[in-house]
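Residue numbers (the working numbering), protein chains in the order written: chain A, 10 to 143; chain B, 16 to 593.
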């Protein structure tokens with residue numbers, strides 16, 4: 010089987026702003042990763058289910074509606090419940106700096122705000138993959 | 016459709032024997048005479064009703080000229096530009112431009128509960144805003160009550176939470192609906208919110224015939240770019256035509272749709288794609304309405320548009336002018352409208368949210384000022400200016416005030432609103448206007464070949480075109496080929512701390528308690544009865560509006576009404592294209 014890094018890009022909640030999610034999905038694919046994109050209006054349950062089924066290494070969550078403090082922790086929580094905490098979660102969107110410590114505490118590995126470059130994300134992925142292997 | 020014929024048909028400059036000094040003199044005399052005719056036919060009748068402002072003055076205090084026309088030979092002038100308020104409306108839909116009335120300054124606002132938003136609206140009206148624009152939260156936009164599972168985390172976040180008529184009564188408390196015009200950004204649940212607005216009007220003693228405002232009601236761009244659809248495209252189109260039909264008779268001053276390019280652009284389209292896809296959506300709405308037996312002139316005059324004002328000042332001005340000319344041609348030539356009002360593209364503009372940067376947010380004030388100028392030079396009818404902090408959160412009151420002041424400065428101090436269509440005749444702007452028109456018509460033709468906009472959406476064509484543009488644009492920023500100040504150049508190490516507006520997370524609890532109380536207080540038998548009648552109407556081809564109005568009067572909730580229609584129509588599933 011292909012041993013490329015597998016990433017699920019997901020849009021939890023009702024937010025329809027998918028420009029960023031689609032850009033990241035496509036850019037990560039162009040960077041050589043295996044990328045799956047869920048489309049909008051996913052529940053945390055369906056995201057976790059897809060992540061496990063697709064055996065991904067990372068879940069990237071994108072949300073611009075302000076509901077991140079609720080839905081991001083739900084995803085990390087559910088992954089933990091299913092014994093899939095080796096799937097790392099990162100996020101992006103309109104996420105105020107003040108909320109980042111809380112999200113980190115809830116198990117979100119990194120938050121990439123507006124102005125993030127693709128390289129910052131691929132660096133993060135490579136570092137985490139190296140750490141996972143070590 | 017007939018392609019735009021843009022060259023001088025009978026006198027090609029330089030080669031044509033007519034193109035000599037004598038001809039040019041005749042031509043100039045003709046244009047001067049035409050201008051005098053326009054003053055007589057179009058301007059004068061208006062001045063009695065709507066006199067021009069008294070501050071149309073330059074630095075020295077001289078009154079600025081109303082309209083400049085070519086002093087030199089310009090063979091295509093009447094065909095391509097014409098006069099303001101006259102076909103093809105390139106120079107604007109209003110004979111006096113902004114000299115009589117400025118555009119409507121309309122800040123999109125709403126968050127939290129109806130009580131909080133009501134306070135923000137009163138603040139904005141006190142600050143000199145001239146119309147309301149309501150932002151609803153996502154559950155309201157997608158037809159879920161606040162206590163629905165899908166609403167968790169979203170209640171009151173991107174707009175105000177409305178579950179029933181009760182919330183709507185609070186939202187407009189002490190705001191007389193016969194005195195304001197209200198724009199509502201609502202699409203798949205537009206019929207329900209309009210019904211609630213009509214019911215609030217009734218309670219205030221304002222007849223539906225007096226209500227002025229707009230519902231966005233543009234479902235096609237929801238599938239393309241914005242994402243708040245519920246039902247599949249075809250039943251959604253039926254609801255929209257039901258609204259058109261109902262409003263023609265009962266809410267005649269209401270703009271029944273705001274065909275929106277804004278979100279298409281925000282999703283990453285080019286200026287050409289924004290115009291092309293928006294007008295293609297417009298064509299689809301016209302075709303659908305006509306197929307149900309409506310006459311083009313009975314509804315086309317109530318169609319309005321909504322565009323984005325992006326960073327490229329001159330391209331944006333050209334875009335607005337091209338859009339006006341294209342729509343006039345489409346309505347006249349393709350749909351054979353007779354009434355010039357049907358051919359006028361009237362539009363709202365919002366500055367481009369996607370151009371705001373989270374880095375050095377005060378720089379956004381300058382971006383918004385440039386975008387404001389573009390919208391005004393392009394002849395918008397109303398404008399929302401974004402606040403500097405919107406890349407970070409909802410705007411604070413201070414930021415909203417600066418955004419509104421930006422419009423007021425352009426209106427009162429810049430002089431840009433004193434003469435009509437001031438950039439007409441600029442070689443660059445006119446050529447760009449022609450180019451955008453030609454390229455956008457090519458797209459429209461392609462969409463026609465795919466079987467119209469609904470088919471093009473179902474095939475994913477439009478979504479893919481936008482996605483590709485967005486990808487290319489973002490890549491050009493990443494590569495440094497395109498400079499965004501503060502993002503990929505002129506950065507600062509340490510950003511100043513920002514004061515942000517926080518929405519209270521306990522709003523959902525407040526709404527849930529209100530819903531519980533409402534459900535035990537209202538006449539549930541009457542609610543049930545009207546929901547059943549709505550279901551029957553949905554299964555037949557009866558107009559849904561009267562039934563929705565009856566249901567909201569009895570305090571049926573938005574979720575209950577939407578669920579009935581979900582049962583009958585089904586739900587749309589996104590096609591994921593990467």
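Just so you know, even glycine gets a beta-carbon here, dropped at the ideal spot from N, CA and C. Bear in mind that the values here come from a model prediction, so they are computed numbers and not experimental data.
- Contact annotation for residue 462 of chain B against chain A: no contact, minimum CB-CB distance about 21 angstroms [criterion: below 8 angstroms].
- In the three-state reduction of the DSSP assignment, residue 379 of chain B falls in the helix class.
- With a minimum length of 4 residues, the unbroken runs of alpha helix (DSSP H) contained wholly in the segment 150-191 of chain B fall at 153-157 and 180-186.
- The beta-carbon of residue 476 of chain B is placed no less than 9 angstroms from the nearest beta-carbon of chain A.
- Within the segment 328-364 of chain B, the complete alpha helix (DSSP H) runs of at least 4 residues fall at 328-344 and 355-358.
- With fewer than 16 neighbouring CB atoms inside 10 Å of its own CB, residue 512 of chain B falls in the exposed class.
- Chain B has a Cβ within less than 9 angstroms of the Cβ of residue 48 of chain A.
- In the structure shown, residue 490 of chain B falls within a helical segment according to DSSP collapsed to helix, strand and coil.
- Excluding sequence positions up to five before and after residue 29 of chain A, its CB lies within less than 8 angstroms of the CB of 71, 73, 101 and 102, all in the same chain and listed in chain order.
- DSSP, read as helix, strand or coil, puts residue 21 of chain A in strand.
- When CB distances to chain A are screened at a threshold of 8 angstroms, the residues of the segment 265-294 of chain B falling below it are 281, 282 and 283, in chain order.
- The continuous stretches of alpha helix (DSSP H) do not include residue 119 of chain A, which lies in the beta strand (DSSP E) extending over residues 117-121.
- Residue contact with chain B for residue 79 of chain A: present (Cβ-Cβ distance below 9 angstroms to some residue of chain B).
- Counting only unbroken stretches of 4 or more residues, the alpha helix (DSSP H) elements lying wholly within the segment 274-306 of chain B are 277-281 and 286-306, in sequence order.
- The C-alpha of residue 181 of chain B lies about 14 angstroms from the C-alpha of residue 538 of chain B.
- Burial check for residue 592 of chain B: the Cβ neighbour count within 10 Å stays below 16, so the residue is exposed.
- Using a C-beta cut-off of 8 angstroms, the segment 326-345 of chain B makes contact with the segment 93-111 of chain B, since at least three inter-stretch Cβ pairs fall below that distance.
- Proximity to residue 555 of chain B across B:590, B:166 and B:257 peaks at B:257, based on C-alpha coordinates.
- Not one beta carbon of chain A lies nearer than 9 angstroms to the beta carbon of residue 530 of chain B.
- The beta carbon of residue 262 of chain B sits closer than 6 angstroms to the beta carbons of 269 and 271 from its chain, once the five residues preceding and following it are set aside; these are given in chain order.
- Under the three-pair Cβ rule at 8 angstroms, the segment 180-199 of chain B does not count as touching the segment 552-566 of chain B.
- In this structure, DSSP gives residue 232 of chain B a state outside helix and strand, which the three-state scheme calls coil.
- Residue 213 of chain B counts as buried, since at least 16 other C-beta atoms from the protein chains shown sit within 10 angstroms of its C-beta.
- For residue 235 of chain B, there are no C-beta contacts with chain A under 9 angstroms, since the nearest C-beta of that chain is about 14 angstroms from it.
- Around residue 23 of chain A, the beta-carbon contacts reaching into chain B at under 7 angstroms are 153, 154, 157, 165 and 169.
- From the listed residues B:515, B:150 and B:395, the smallest Cα separation to residue 131 of chain B is found for B:150.
- A Cβ-Cβ distance of about 11 angstroms is found for the pair residue 289 of chain B and residue 321 of chain B, leaving them out of contact under the 8 angstroms criterion.
- Bounds of the alpha helix (DSSP H) holding residue 458 of chain B are 442-464.
- Look at the segment 482-538 of chain B and you find these whole runs of alpha helix (DSSP H), each 4 residues long or longer: 522-536.
- Apart from the 5 residues on each side of it in sequence, residue 330 of chain B sits with its Cβ closer than 7 angstroms to the Cβ of 286 and 447 in its chain, given in chain order.
- Proximity of residue 15 of chain A to chain B, defined by a Cβ-Cβ separation below 9 angstroms, is not satisfied.
- For residue 36 of chain A, the nearest CB of chain B lies under 9 angstroms from its own CB, placing it at the interface with that chain.
- Only residues of its own chain outside the window of five on either side were considered, and among them 139, 144, 148, 399, 400, 415, 418 and 419 have a CB closer than 8 angstroms to the CB of residue 122 of chain B, listed in chain order.
- Interface annotation, residue 520 of chain B: in contact with chain A, CB-CB separation under 9 angstroms.
- Here residue 92 of chain B is buried, its C-beta having at least 16 other C-beta atoms within 10 Å.
- With contact defined as three or more Cβ pairs closer than 8 angstroms, the segment 150-170 of chain B and the segment 571-586 of chain B are in contact.
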